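Data first, discussion second: the structure below is written as structure tokens.
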Amino acid sequence: MIYHHLYKKFATKDVVRVGVIGAGNYGTAIVTQDPYTPMLRVIAVADLSLEAAKGAYLKAGFDEAELAYCTSEGEAQEQIAQGKRVYTDRCEIIARIPEVDIVCESTGVPEASAVYTLDAFANRKHVAMITKDCDASIGPLLKRMAGEVGVVYTPVDGDQHGLLIQLYEWAKSIGLTVISGGKATDGEYIYDEARGTVTIKTDKKIHAPYQETITIAPEDRKYLEMIPKGRAAEYIEKRAQILSLLPQPGSYDLCEMTVAANYTGLAPAIDTLVHAPLRITEIPVAYCSKEQGGIFERDGIIDLATCMRAPIESGLGGGVFLVVRCDNAYSNHVLTTKGQIANYDDTTAVIYRPYHLCGVETSSSLLVAGLLGLDTASDNFLPRYDLIKVTARDIKAGDVFGNDHSPQLSARIVPAAPIAPGNPVISALLTGNRARVDIPAGTVVTYDMIEEPAGSELWRLRRLQDETFLREPAQTLVA
Numbered sequence: 002m003i004y005h006h007l008y009k010k011f012a013t014k015d016v017v018r019v020g021v022i023g024a025g026n027y028g029t030a031i032v033t034q035d036p037y038t039p040m041l042r043v044i045a046v047a048d049l050s051l052e053a054a055k056g057a058y059l060k061a062g063f064d065e066a067e068l069a070y071c072t073s074e075g076e077a078q079e080q081i082a083q084g085k086r087v088y089t090d091r092c093e094i095i096a097r098i099p100e101v102d103i104v105c106e107s108t109g110v111p112e113a114s115a116v117y118t119l120d121a122f123a124n125r126k127h128v129a130m131i132t133k134d135c136d137a138s139i140g141p142l143l144k145r146m147a148g149e150v151g152v153v154y155t156p157v158d159g160d161q162h163g164l165l166i167q168l169y170e171w172a173k174s175i176g177l178t179v180i181s182g183g184k185a186t187d188g189e190y191i192y193d194e195a196r197g198t199v200t201i202k203t204d205k206k207i208h209a210p211y212q213e214t215i216t217i218a219p220e221d222r223k224y225l226e227m228i229p230k231g232r233a234a235e236y237i238e239k240r241a242q243i244l245s246l247l248p249q250p251g252s253y254d255l256c257e258m259t260v261a262a263n264y265t266g267l268a269p270a271i272d273t274l275v276h277a278p279l280r281i282t283e284i285p286v287a288y289c290s291k292e293q294g295g296i297f298e299r300d301g302i303i304d305l306a307t308c309m310r311a312p313i314e315s316g317l318g319g320g321v322f323l324v325v326r327c328d329n330a331y332s333n334h335v336l337t338t339k340g341q342i343a344n345y346d347d348t349t350a351v352i353y354r355p356y357h358l359c360g361v362e363t364s365s366s367l368l369v370a371g372l373l374g375l376d377t378a379s380d381n382f383l384p385r386y387d388l389i390k391v392t393a394r395d396i397k398a399g400d401v402f403g404n405d406h407s408p409q410l411s412a413r414i415v416p417a418a419p420i421a422p423g424n425p426v427i428s429a430l431l432t433g434n435r436a437r438v439d440i441p442a443g444t445v446v447t448y449d450m451i452e453e454p455a456g457s458e459l460w461r462l463r464r465l466q467d468e469t470f471l472r473e474p475a476q477t478l479v480a
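All residue numbers for the sequence shown refer to our numbering, where the first residue is 2 and numbers rise by one.
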């Protein structure tokens, strides 16, 4: 890393002043790192739960005497000038506080996220987008709008898609050919060969019909051994059947991959993603082209992997990975013989980052934006793909659709399409809205099946994104 050199030579200010909207687990971690992060100061935290907003500071070790509750931007500015840290349940004031340089949008609510982001742009604030549902829906438009007003719109270090985008950009910058890339799911499958069991290691609650531990039939255990050369597709298919009662990736996993696909151009091989259970050593064997012994028809694929490992082995830690090659024979020999894990014929190797630290490491993106005026992503953010939903159970007219954690729906990644009757509804436009008609299980939800909410900024911006990337408008995007 050379960030410290860049800050020393090119920083436009001495400290980045951060406002956080949404004091959930992620936003709180940003706050708790404040005392340990040079050149960064979280001066305001907002959440609809006042207890959560204040609690983020208390968890960071700040004394209550250092904190001030405010209900307006003017009051907040006065308290900050006196050296106080502000907390509030008025989320709308954060972007309007003059001292704030960058807004961390971490509400997790796409409609609110769109509103607060527009407010940040109107007040010439940078935006760190942590609400991935919003980024997957209108991110390309928001990035372009940010450019028009001279501020930064960025994904963040700590989120897996942000880390994958950076790893991809690094690989391209040194001339590697990226065969595939993706992220590890947070849960890992721990295979205890002696007992013949597989247990998921996860911090998430396990819901029926899924189980925490399953016993593997003796005749199936061979399929949990190292994938033999040329048999990747067979082993992955069998593992999907054998391990089907363990918790599977969720819609939120596909949401992050949608953002990464739109930034990088990596494409899903199938709309559900393969999300195979794989050892780290098996990733370069399986996640490459059929010509190289893997499962994909071509290079440039994005997918998920659930790390499968023995109890004493290290795992992927919810990190990110690339399967790569060098197109020069000598370089490829170096790549595959100097410690990287290769496939059987040394035509691919996996490079991986076995961790993502969520808000603990997000400060690097905030500092790059605030000090250097740069984002930590790629320059080619386009609406290539949409995250859409398929009903997992019958939906009745009038039912309210849940978010990406809802069991009502499963997710797919498909080529982007505009808002129009018969087209699939993007995931974020479903959240919190009602079904117009009865929708049977197994149905792709389309725009004519749901009620459009009145006055939605998210819907308006999505329509503007559809128009913007079909034809360039004559007017600017931000007043």
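The beta carbon of each residue, even a glycine, is placed where N, CA and C say it ideally should be.
Being a predicted model, the structure only gives us computed values, none of them experimental.
If residue i and residue j are in contact, beta carbons under 8 Å, what's the gap, nearest whole angstrom?
i	j	result
Val16	Arg42	5 Å
Ile31	Val101	With 8 Å as the limit, Ile31 and Val101 do not qualify as a contact, their Cβ atoms being about 14 Å apart.
Asp387	Ala417	5 Å
Val351	Ile284	4 Å
Pro156	Asp187	That pair is no contact at about 18 Å.
Output needed for residue i: all residues of its chain with C-beta closer than 7 Å, excluding positions within five of it in sequence on either side, in chain order.
i	result
Lys10	none
Ala287	Ile228, Ala233, Ile237, Ala277, Leu279, Gly295, Ile296
Ala398	Ala436, Arg437, Val438, Asp439
Thr216	Gly197, Thr198
Cys289	Ile180, Ser181, Gly295, Phe297, Val324, Asn344, Thr349
Ile243	Ile217, Asp221, Tyr224
Arg1	Residue 1 is absent from the structure shown; the chain starts at 2 and stops at 480.
Under a three-way DSSP split, which group does residue i fall into?
i	result
Ala475	For Ala475, the predicted structure reports a pLDDT of 38, less than 50, and the residue's modelled location is therefore unreliable. The matter cannot be settled from this model.
Phe11	helix
Gly294	coil
His127	strand
Phe122	helix
Ala47	strand
Lys1	Coverage of the chain is limited to positions 2 through 480, which leaves residue 1 absent and any answer about it impossible.
Ala480	The predicted model places Ala480 with a pLDDT of 37, which falls under 50 and marks its position as unreliable; any figure quoted below should be read in that light. Looking at Ala480 - three-state DSSP - the assignment turns out to be coil, as it is neither helix nor strand.
Leu177	coil
Val325	strand
Pro349	Here residue 349 is Thr; the residue named in the question, Pro, does not match the sequence. Correct three-state label for Thr349: coil.
Thr29	helix
Taking just the CA atoms, how far does residue j sit from residue i?
i	j	result
Glu79	Ala57	21 Å
Lys205	Ile420	34 Å
Gln409	Val426	15 Å
Thr72	Ala121	18 Å
Gly494	Asp347	The question about residue 494 has no answer, for the chain in this structure spans 2 to 480.
Gly319	Ile440	35 Å
Leu375	Asp304	28 Å
Ile281	Ala185	10 Å
Asp467	Gly140	12 Å
Cys256	Arg461	21 Å
Ala92	Leu142	According to the sequence provided, residue 92 is Cys. The question's Ala does not apply to it. The alpha-carbon atoms of Cys92 and Leu142 are separated by roughly 23 Å.
Ile414	Ser114	22 Å
Asn404	Ser366	26 Å
Leu430	Leu465	14 Å
Val445	Asp134	18 Å
Thr108	Ala96	14 Å
Arg326	Ile302	14 Å
Leu358	Asp158	8 Å
Gln161	Val321	7 Å
Ile180	Glu170	13 Å
Looking at the secondary structure, which residues open and close the alpha helix (DSSP H) in which residue i lies?
i	result
Lys239	233–243
Gly148	133–150
Gly20	First-last for Gly20: 17–22, but that is the beta strand (DSSP E), not the alpha helix (DSSP H).
Cys105	Run containing Cys105: none in the alpha helix (DSSP H); it sits in the beta strand (DSSP E), 103–106.
Ala429	428–431
Tyr88	Per DSSP, Tyr88 belongs to no alpha helix (DSSP H); it is in the beta strand (DSSP E), 86–89.
Arg461	458–469
Need the endpoints of the beta strand (DSSP E) that residue i sits in, please.
i	result
Asp304	302–310
Ser411	410–416
Asp193	189–193
Tyr264	It is not in any beta strand (DSSP E) - Tyr264 instead sits in the alpha helix (DSSP H) that spans 252–265.
Tyr448	Counting along the chain, Tyr448 falls outside any beta strand (DSSP E), and DSSP gives it neither H nor E.
Within its chain, find whatever has a CB closer than 8 Å to the CB of residue i; leave out the 5 residues flanking it on each side and keep chain order.
i	result
His6	none
Asn434	Val401, Phe402, Ile451, Glu452, Glu453, Pro454
Lys189	Checking the sequence, you will find Glu at residue 189 rather than Lys. Taken in chain order, the residues that qualify are Ile201, Lys202, Thr203, Thr307, Cys308, Met309, Arg310, Gly316, Leu317.
Phe382	Gly140, Pro141, Lys144, Asn263, Tyr264
Asp64	none
Gly75	none
Asp395	Asp439, Ile440, Pro441, Ala442
Val391	Leu410, Ser411, Ala412, Arg413, Gly443, Thr444, Val445, Val446
Arg299	Ser290
Measuring from the CB of residue i, is there a heavy atom of the ligand ATP at a distance below 7 Å?
i	result
Thr349	By its list of ligands, the structure shown contains no ligand whatsoever, and the ligand ATP lies outside what it can speak to.
Can you list, in chain order, the residues of its chain with a C-beta nearer than 6 Å to that of residue i? Leave out the 5 residues immediately preceding and following it.
i	result
Ile175	none
His127	Ile103, Val152, Val153, Ala370
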